[in-house]
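Structure, as structure tokens:
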Amino acid sequence: MRRLECLLALLSLVAFLQLGFSQTPQQSTQVTAKKTLENYRDVLEYLPPDMSRNKAAKWTFAQRETVNAALKKALVEAGLNGKFRLKVTQIADWKGMTIYAEVPNNEGYKIRAFGKFSDEWKPKLADLKKGDSITLEGNFSHVAYEDLWNAFSLSISMKDCKFTK
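When you line the sequence shown up against mature numbering (1 follows the signal peptide of the UniProt record, and there is no 0), it's residues -17 to -1, 1 to 148, in that order.
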């Protein structure tokens, strides 16, 4: 009986994956290849159409991995850029100078934005303080639903960043 349950789960996963990858993002016909995304809602438009974003915290591991693969392909591998207005939560040296921001939202889970900077930005980053409002621009390097710091989160990371106040 246990083998049958495993087989059925595997078959449903395969069917789900085929459905998820055969469909395009919700607005794919309206999005140009190099569109700059301006907020987390723009990112959520790239979720597979059959995945409810407000139920993301209840997704199975397989569903989460399917969504993460779709986001990686659509945003990271496609070379899309982000330009987000954020309030600085922290500036740290996490394998390179990084701005971290908690993104206010109504999705029912945490959304965390990270911006990685080259060393030449250190003097400008030193002038920033927690709570400063900035516009962070960069190339998407990682966009994924994951358990981060003991909480289910959508992590949005950008590289080669710059910012303006």
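Where a beta carbon is used, it is the ideal one built from N, C-alpha and C, also for glycine.
To which residues does DSSP link residue i through a beta bridge?
i    : result
K145 : E120
V126 : I139
A134 : L131
L20  : G65
Check this for me: beta carbons of residue i and residue j, under 7 Å apart or not?
i    : j   : result
K113 : V86 : no
T81  : K99 : yes
Go to residue i, then tell me how far its alpha helix (DSSP H) extends in each direction, as first and last residue.
i    : result
K112 : No alpha helix (DSSP H) holds K112; DSSP gives it neither H nor E.
Can you list the beta strand (DSSP E) stretches of 3 or more residues lying completely in the stretch 42 to 98, in chain order? 64 to 70, 73 to 76, 80 to 85
Quick check: the stretch 109 to 125 against the stretch 46 to 66, are there 3 or more CB pairs under 8 Å? yes
Any chance the stretch 58 to 76 sits against the stretch 106 to 120, with 3 or more Cβ pairs inside 8 Å? yes
Is the number of C-beta pairs between the stretch 89 to 99 and the stretch 134 to 141 that are closer than 8 Å three or more? yes
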